[in-house]
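Take a look at the structure below.
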Amino acid sequence: MELTVQARKARNEYMKNYRKKNPEKIKNINKRYWEKRAVISQCKN
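If you count by this note's numbering, then the sequence shown holds residues 120 to 164, one letter each, in order.
Written out as structure tokens, the structure is:
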């Protein structure tokens, strides 16, 4: 499912504002993501 150009611009604008207003949430999300990736990487080895 591809987004129309207009829908994509709206989503990008929303996410840009969200990241600007919620930097701590973004840091936590990224931290959780990379910790999870590290566990997955260790399991593969």
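Every residue gets a Cβ at the ideal spot worked out from N, C-alpha and C, and that includes glycine.
- Under the three-state reduction of DSSP, E121 is assigned to coil, being neither helix nor strand.
- Membership of N164 in any alpha helix (DSSP H) is not indicated, and neither H nor E is assigned to it by DSSP.
- DSSP, read as helix, strand or coil, puts N131 in helix.
- As the crow flies, the alpha-carbon of E121 is around 13 angstroms from that of K128.
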